[in-house]
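A.B. asks: First, the structure itself, so that you have it in front of you.
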Amino acid sequence: MNAAVGALLKREILRFARQRSRWIGALGTPLMFWLFIGGGLGSSFRMPGLETGPTSYLGYFFPGAIFLSVLFTAIFSTISVIEDRHEGFLQGVLTSPTPPMALVLAKMLGGALLGLAQAGLMLAIAPLLGLELSILRVLAAFVLLFVSGFWLTGLGFYFAWKLDSVQGFHGVMNTVLVPLWLLSGAVFPSGGSAVPLQWATRLNPLSYEVAGLQALLWEESFPWTAWGMALSLGVGLSILLVLVGERMTSRR
Amino acid sequence: MEIGNVSGSQLALAIAVEGLGYRYPGASTDAVNEISFVIPRGCVTGILGPNGSGKSTTFRMLSTQLVPSRGEAWIDGVSVRNNPAAARASLGVTFQSPSLDPWLSVEENLEIHGRLFGLSRAEIRSRTTELLKLFGLLARRKERVRTLSGGLARRTELAKTLLSAPQILLLDEPTTGLDPAARVDFWNELRKLRSGGITIVVATHLLEEAELCDELLFFSEGKVVGHGAPDELRAAGGREVLQAEGSGALGIAEKLRPVLGMSDHLHVEPGRMRLETNEGARWFEQIRSLSTMGVDNLRWGKPTLADVYFRLTGREYR
Numbered sequence: 006m007n008a009a010v011g012a013l014l015k016r017e018i019l020r021f022a023r024q025r026s027r028w029i030g031a032l033g034t035p036l037m038f039w040l041f042i043g044g045g046l047g048s049s050f051r052m053p054g055l056e057t058g059p060t061s062y063l064g065y066f067f068p069g070a071i072f073l074s075v076l077f078t079a080i081f082s083t084i085s086v087i088e089d090r091h092e093g094f095l096q097g098v099l100t101s102p103t104p105p106m107a108l109v110l111a112k113m114l115g116g117a118l119l120g121l122a123q124a125g126l127m128l129a130i131a132p133l134l135g136l137e138l139s140i141l142r143v144l145a146a147f148v149l150l151f152v153s154g155f156w157l158t159g160l161g162f163y164f165a166w167k168l169d170s171v172q173g174f175h176g177v178m179n180t181v182l183v184p185l186w187l188l189s190g191a192v193f194p195s196g197g198s199a200v201p202l203q204w205a206t207r208l209n210p211l212s213y214e215v216a217g218l219q220a221l222l223w224e225e226s227f228p229w230t231a232w233g234m235a236l237s238l239g240v241g242l243s244i245l246l247v248l249v250g251e252r253m254t255s256r257r
Numbered sequence: 029m030e031i032g033n034v035s036g037s038q039l040a041l042a043i044a045v046e047g048l049g050y051r052y053p054g055a056s057t058d059a060v061n062e063i064s065f066v067i068p069r070g071c072v073t074g075i076l077g078p079n080g081s082g083k084s085t086t087f088r089m090l091s092t093q094l095v096p097s098r099g100e101a102w103i104d105g106v107s108v109r110n111n112p113a114a115a116r117a118s119l120g121v122t123f124q125s126p127s128l129d130p131w132l133s134v135e136e137n138l139e140i141h142g143r144l145f146g147l148s149r150a151e152i153r154s155r156t157t158e159l160l161k162l163f164g165l166l167a168r169r170k171e172r173v174r175t176l177s178g179g180l181a182r183r184t185e186l187a188k189t190l191l192s193a194p195q196i197l198l199l200d201e202p203t204t205g206l207d208p209a210a211r212v213d214f215w216n217e218l219r220k221l222r223s224g225g226i227t228i229v230v231a232t233h234l235l236e237e238a239e240l241c242d243e244l245l246f247f248s249e250g251k252v253v254g255h256g257a258p259d260e261l262r263a264a265g266g267r268e269v270l271q272a273e274g275s276g277a278l279g280i281a282e283k284l285r286p287v288l289g290m291s292d293h294l295h296v297e298p299g300r301m302r303l304e305t306n307e308g309a310r311w312f313e314q315i316r317s318l319s320t321m322g323v324d325n326l327r328w329g330k331p332t333l334a335d336v337y338f339r340l341t342g343r344e345y346r
């Protein structure tokens, strides 16, 4: 199965590299969000519940924008499941002796790696915000972003497998995946928001991933607890979504 | 191979199907209704039937995309129900719609397919070169599939299917989208493969393609209504067919009905009459003499496969 996963993963990367619009969507959009929302709101709003860390809203929003990049890559990667079905590629995979699990793993690994590559490019902007990151922090951020990209792609895969149209997937993206990000503390700290929103943020697993990255970038001492919690949750969700994907794709 | 649940005779067959049935979730009738047939090794078998006759559903069960609701099918002696992955290993499947990645090159598509079938890099390299040469694609190996014509993409598809050296090829409407010349080339390739001992099953709705098969399975309303070589099926009625089309067809049929023999079979529908008879010459002259009543087209000859289908189902092949 390893060879099949490798071949399908290579395909994911080649397809991404050859579709320039995906680069723009996955990297350009989060960058614009960060600059326009971060720059636009930065001078207009004071953020209650944010006593330590970044000194500007642009700085606060930076980890959230990085996660938006990971989320967008996961979304675009899994839209390709629907395209694969329409283009016929999927039936070719499903009528080969390779277990469908290879497809699940390749999609999730592909989404995670591509998300990491783009998040890495965004992370390179960090010094412009006055952040001086140690090698350990950069590596820890990469691990966290990879794991987050893995399960976010798994979540996208779940919806894409169930849906038959790209338009339908956009609906899910707008009502499930984007709110997941909005209510993760990526755009505003939950401390000052309405109580129901605070609860939504607490129940949202992405909140802990975003908090882990925020802590890695902004806390003075290495945030073992926040990072460890984010990583553990991410690994748990990854395992769960691999199993769900395996079950879904094996059912003919 | 699974030996436990199949008989020796099934092992000698490429495909064996017994009481196979499928009902789509929520449907009130079966798409395929308890069909049984066998396909011997090394021949081209056509699965023929109009849209909705059950041939695509059968194709999907044989290619392990659907789990049968009832019955069983064996591919190379392996149950598609109990061991679909092993059954797939013997199969090469070409779908009605292409299963190539348009963003990858011809060569890259073949490479991925080879890896899915567990071939080594060296095997993939040598088989790819061999097959691309066979299909005249060697010079286009680096081109992305999205830039190829329909005919070239179809050839790429077939090369991809053959990469894993399958013993049984399942082809669903394989010439869809091909121009007539490309269709002829495609069928020439199939004949070459058959002479190499490969079993080929082609689902088609085109009668001219069915004529090129060694054996045919006629499908209608989810059932197999006829099975045999095209000539055998044509000869089974032992008759000639006369068909008159035009506004006077009904009137002519009414004039002929009282004088027809016991063995003659007349079928009338608006604008058309069809007579199966052993006295073709006699009735041809009769109808021709009545053609002033309004006959635009009069045909007399041996039964075509469309006539065979009509005899088997009582319906026009459309």
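Respectively, the protein sequence lines represent chains A and B. Going by this note's numbering, the first residue of the first sequence is number 6, and it counts up by one from there. Going by this note's numbering, the first residue of the second sequence is number 29, and it counts up by one from there. Using N, Cα and C, we set each Cβ at its ideal position, and we do this for glycine too.
1. May I have the straight-line CA-CA distance separating residue 66(B) from residue 41(B), to the nearest angstrom?
2. For chain B, check one thing: does any of its Cβ atoms lie closer than 8 angstroms to the Cβ of residue 99(A)?
3. Classify residue 320(B) as buried or exposed, calling it buried when 16 or more other Cβ atoms lie within 10 Å of its own Cβ.
4. Along the chain, where does the beta strand (DSSP E) containing residue 76(B) start, and where does it finish?
5. Just by C-beta distance, which residues in the stretch 171-198 of chain A are closer than 9 angstroms to chain B?
6. Based on Cα-Cα distance, which residue from 183(B), 201(B), 316(B) and 145(B) lies nearest to residue 235(B)?
7. Expressed to the nearest angstrom, what Euclidean distance is found between the alpha-carbon atoms of residue 324(B) and residue 274(B)?
8. Using DSSP with H/G/I as helix, E/B as strand and the rest coil, what is residue 287(B)?
9. Helix, strand or coil for residue 69(B) per DSSP?
10. For residue 121(B), go through chain A and note every residue whose CB falls closer than 7 angstroms to its CB, in chain order.
11. Go ahead and label residue 141(B) buried or exposed: buried means 16 or more other beta carbons lie within 10 angstroms of its beta carbon, across all protein chains shown.
12. Since residue 231(A) and residue 217(A) are thought to touch, with beta carbons under 8 angstroms apart, how far apart are those beta carbons, to the nearest angstrom?
13. Give the range of the beta strand (DSSP E) segment to which residue 2(B) is assigned.
14. Just to confirm my understanding: we take residue 37(B), look at its own chain, exclude 5 residues before and 5 after, and list those with CB closer than 6 angstroms. What are they?
15. Does DSSP put residue 33(B) in a helix, in a strand, or in coil?
16. Spell out whether any CB of chain A is found under 8 angstroms from the CB atom of residue 129(B).
17. Is it buried or exposed, residue 58(B), if we count other Cβ atoms within 10 angstroms and call 16 or more buried?
18. When you compare the CB of residue 252(A) with every CB in chain B, is at least one pair closer than 8 angstroms?
19. According to DSSP, which residues form a beta bridge with residue 231(B)?
20. As a quick exercise: from 9(A), 109(A) and 184(A), pick the residue whose alpha carbon is nearest that of residue 72(A).
21. With DSSP run on the structure shown, which of helix, strand or coil describes residue 251(B)?
22. Kindly list the residues whose CB is nearer than 6 angstroms to the CB of residue 86(B), restricted to its own chain and excluding five residues on each side of it in sequence; keep chain order.
23. Compute the Euclidean distance between the alpha carbons of residue 191(B) and residue 191(A), then round it to the nearest angstrom.
24. What is the rounded straight-line gap between the Cα of residue 125(A) and the Cα of residue 39(A)?
25. Measure the beta-carbon distance from residue 74(B) to residue 238(B) and round it to whole angstroms, keeping in mind my assumption that it falls under 8 angstroms.
26. In whole angstroms, what separates the C-alpha of residue 79(A) from that of residue 62(A)?
27. Applying a beta-carbon distance threshold of less than 7 angstroms, which residues of chain B neighbour residue 239(A)?
28. From the DSSP output, in three-state form, read off residue 226(B) for me.
29. Going by DSSP, name the residue or residues bridged to residue 179(A).
30. Taking the alpha-carbon of residue 297(B) as reference, which of 220(B), 278(B), 203(B) and 101(B) has the nearest alpha-carbon?
31. Taking one C-beta from the stretch 120-135 of chain A and one from the stretch 130-147 of chain B each time, how about it: are there three or more such pairs within less than 8 angstroms?
32. How would you label residue 197(A), buried or exposed, when you count the other beta carbons within 10 angstroms and need 16 or more for buried?
33. I need the straight-line Cα distance from residue 106(B) to residue 114(B), nearest angstrom please.
34. Please confirm whether residue 113(A) and residue 247(A) have their CB atoms less than 8 angstroms apart.
35. Could you tell me which whole beta strand (DSSP E) segments of length 3 or greater appear in the stretch 95-157 of chain B?
36. Run through the stretch 9-96 of chain A for me and flag every whole alpha helix (DSSP H) of 4 or more residues, listed as ranges in chain order.
C.D. replies: Taking the definition as stated:
1. 7 angstroms
2. yes
3. exposed
4. 72-76
5. none
6. 201(B)
7. 5 angstroms
8. helix
9. coil
10. 100
11. buried
12. 5 angstroms
13. Chain B is shown only over 29 to 346; residue 2(B) falls outside these bounds and no answer can be derived.
14. The pLDDT assigned to residue 37(B) is 48, lower than 50, so where the model puts this residue is not dependable; a value taken from the coordinates is nonetheless given after this. If we look at residue 37(B) and ignore the five residues flanking it on each side, it has no Cβ neighbours.
15. With a pLDDT of only 45 at residue 33(B), under the threshold of 50, the placement of this residue in the model should not be trusted, and no figure is reported.
16. yes
17. buried
18. no
19. 75(B) and 200(B)
20. 184(A)
21. strand
22. 60
23. 49 angstroms
24. 15 angstroms
25. 5 angstroms
26. 26 angstroms
27. Here the premise fails: no neighbours, minimum Cβ distance about 29 angstroms.
28. coil
29. Its beta-bridge partners do not exist; DSSP assigns none.
30. 278(B)
31. no
32. exposed
33. 7 angstroms
34. yes
35. 98-103 and 119-122
36. 25-28, 34-38, 44-47 and 62-92
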